[in-house]
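Residues in the sequence shown are numbered from 19 upward in steps of one, following my numbering.
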Amino acid sequence: MRFRFLIVWLLATLIVRGQVTEADSPEVQRNREANARLSALELAWQDHVKAWREEQVKAFEAAKASGDAIPAMRMSPPLGDFVARYQAAAMAYAGTDDAIPFLQWIAGQAFDQSAVDAATDAIQTIMEHHHRSPKLADFPVVLGRLNGVLGKTKVAEYLALIERDNPNGDTRAHAIIARVGRALSKAPLDSKDYQSARAEALRAKGLARDEGLQARIQGQVDERERLAVGAEAPDIEGVDLDGVAFKLSDYKGKVVLLDFWGDW
Numbered sequence: 019m020r021f022r023f024l025i026v027w028l029l030a031t032l033i034v035r036g037q038v039t040e041a042d043s044p045e046v047q048r049n050r051e052a053n054a055r056l057s058a059l060e061l062a063w064q065d066h067v068k069a070w071r072e073e074q075v076k077a078f079e080a081a082k083a084s085g086d087a088i089p090a091m092r093m094s095p096p097l098g099d100f101v102a103r104y105q106a107a108a109m110a111y112a113g114t115d116d117a118i119p120f121l122q123w124i125a126g127q128a129f130d131q132s133a134v135d136a137a138t139d140a141i142q143t144i145m146e147h148h149h150r151s152p153k154l155a156d157f158p159v160v161l162g163r164l165n166g167v168l169g170k171t172k173v174a175e176y177l178a179l180i181e182r183d184n185p186n187g188d189t190r191a192h193a194i195i196a197r198v199g200r201a202l203s204k205a206p207l208d209s210k211d212y213q214s215a216r217a218e219a220l221r222a223k224g225l226a227r228d229e230g231l232q233a234r235i236q237g238q239v240d241e242r243e244r245l246a247v248g249a250e251a252p253d254i255e256g257v258d259l260d261g262v263a264f265k266l267s268d269y270k271g272k273v274v275l276l277d278f279w280g281d282w
């Protein structure tokens with residue numbers, strides 16, 4: 019009996035030690051550290067943006083109070099040393115998927131002239147070392163906005179590689195939508211370009227596993243086809259400000275004066 023108890027105790031000890039070893043493996047530790055570093059950088063960036071916005075408001079109010087001309091203001095916050103900080107983090111986790119979110123943030127700053135080179139390098143690193151990663155997430159969305167920076171040919175090449183090689187259905191769906199998005203939103207509804215883009219969008223919806231992404235893709239199609247100029251709007255039911263129920267179809271064939279107001 020004592021011998022059997024000893025065997026059970028040894029097995030339990032080995033299992034517990036195995037769990038501790040697995041939890042404290044270098045890969046797990048690195049991932050935990052990378053996530054903490056990313057969170058710290060994101061919070062620091064949020065504070066930086068908040069402070070910049072407050073400065074913008076103060077400058078505007080001061081000019082308004084003095085009667086001076088409103089000074090020209092940036093449309094986006096200055097990057098400061100954040101590109102360098104994100105680069106340092108990406109280098110610390112180079113060659114691992116933990117580098118991806120840092121590289122992706124840098125890539126997203128490509129529209130700032132001061133960050134074009136860094137963004138281009140980050141994109142190249144992602145495409146050379148991480149484009150097959152299931153953790154690539156929505157990086158194709160970033161790529162799809164960079165035709166003016168990278169050129170349409172290079173963007174199309176990168177999106178095609180991700181669509182072909184990445185195992186993540188959501189990432190592949192993002193790549194497809196980034197590729198056909200312009201035709202989906204701009205091409206005439208009766209054109210071959212739109213019909214082709216529509217078919218690709220629905221294929222992307224089928225690949226996606228995230229329900230929110232599926233809904234957004236379907237919404238893009240519905241917006242073009244159900245809310246287009248000249249199309250019949252879908253019926254809407256609701257309650258007006260007086261608590262009276264109504265339907266949009268109640269006003270079909272009638273001339274209606276719309277009094278629009280907003281409070282921001």
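No residue lacks a Cβ here, since even glycine has one placed at the ideal position from N, Cα and C.
Only a predicted model underlies this, so the values are computations on that prediction, with no experimental measurement involved.
Continuous alpha helix (DSSP H) stretch holding G187: start and end: For the purposes of this step, residue 187 is taken as the residue at position 169 of the sequence shown. First-last of the alpha helix (DSSP H) with G187: G187 to K204.
Contact under 8 Å by Cβ, A226 with A178: Taking the sequence shown and counting its residues from 1, one reaches residue 226 at position 208. Taking the sequence shown and counting its residues from 1, one reaches residue 178 at position 160. Taking 8 Å as the Cβ cut-off, A226 and A178 do not qualify as a contacting pair.
Close-in-space but distant-in-sequence residues of the same chain around V101 (CB under 7 Å, 5 per side omitted): Within the sequence shown, the letter at position 83 stands for residue 101. Counting only Cβ-Cβ distances below 7 Å, and skipping sequence neighbours, we find I124, Q127, A133 and A136.
A251 classed as buried or exposed, judged by whether at least 16 other C-beta atoms fall within 10 angstroms: What you label residue 251 is simply residue 233 of the sequence shown in a count that begins at 1. Exposed is the call here.
Beta-carbon separation (whole angstroms), T189 vs L154, contact threshold 8 Å: Taking the first residue of the sequence shown as position 1, residue 189 is located at position 171. Taking the first residue of the sequence shown as position 1, residue 154 is located at position 136. Contact flag correct, Cβ pair sits at about 5 Å.
CA-to-CA distance, D208 to M109, given in whole angstroms: Walking along the sequence shown from the start, residue 109 turns up at place 91. Walking along the sequence shown from the start, residue 208 turns up at place 190. Each residue's alpha carbon lies about 49 Å from the other.
A215 and A196 closer than 8 Å at C-beta: Taking the first residue of the sequence shown as 1, we reach residue 215 at position 197. Taking the first residue of the sequence shown as 1, we reach residue 196 at position 178. 8 Å or more divides the Cβ of A215 from the Cβ of A196.
Close Cβ partners of I118 (< 6 Å) along its chain, the five nearest in sequence each way excluded: As a position in the sequence shown, residue 118 is number 100, starting the count at 1. Excluding residues within five positions, the ones whose Cβ falls inside 6 Å are H148 and K153.
A263 in three-state terms, based on DSSP: In the sequence shown, the residue the question calls residue 263 occupies position 245. Looking at A263 - three-state DSSP - the assignment turns out to be strand.
V257 - DSSP class collapsed to helix/strand/coil: To locate residue 257, count along the sequence shown from 1; it is residue 239. Assignment of V257 by DSSP, reduced to helix, strand and coil, places it in the strand class.
Any alpha helix (DSSP H) of 4 or more consecutive residues that is wholly inside the region 92-172: Complete alpha helix (DSSP H) runs here, min 4: 100-110, 118-125, 134-147, 157-162 and 165-168.
K265 beta carbon less than 8 Å from that of I254: Position 236 of the sequence shown, counted from the first residue, corresponds to residue 254. Position 247 of the sequence shown, counted from the first residue, corresponds to residue 265. Cβ atoms of I254 and K265: closer than 8 Å.
Helix, strand or coil at R227 according to DSSP, with G and I counted as helix: Along the sequence shown, one-based indexing puts residue 227 at 209. If DSSP states are grouped into helix, strand and coil, R227 belongs with coil.
Which of helix, strand or coil DSSP assigns to G237: On the sequence shown, position 219 is the one that residue 237 refers to. Residue state, collapsed to three classes: helix.
Range of the contiguous alpha helix (DSSP H) that encloses D65: The residue you call residue 65 lines up with position 47 of the sequence shown. Per DSSP, D65 belongs to the alpha helix (DSSP H) from P44 to S84.
A83 versus A69: straight-line alpha-carbon distance, rounded: In the sequence shown, the residue the question calls residue 83 occupies position 65. In the sequence shown, the residue the question calls residue 69 occupies position 51. Between A83 and A69, the C-alpha separation is close to 21 Å.
I88 - DSSP class collapsed to helix/strand/coil: The residue given as residue 88 occupies position 70 in the sequence shown. Of the three classes helix, strand and coil, the one that applies to I88 here is coil, per DSSP.
Whole-Å CB distance - S94 paired with D65, under 8 Å assumed: The sequence position of residue 94 within the sequence shown is 76, counting from 1. The sequence position of residue 65 within the sequence shown is 47, counting from 1. Actually they do not touch by this definition, with Cβ atoms about 16 Å apart.
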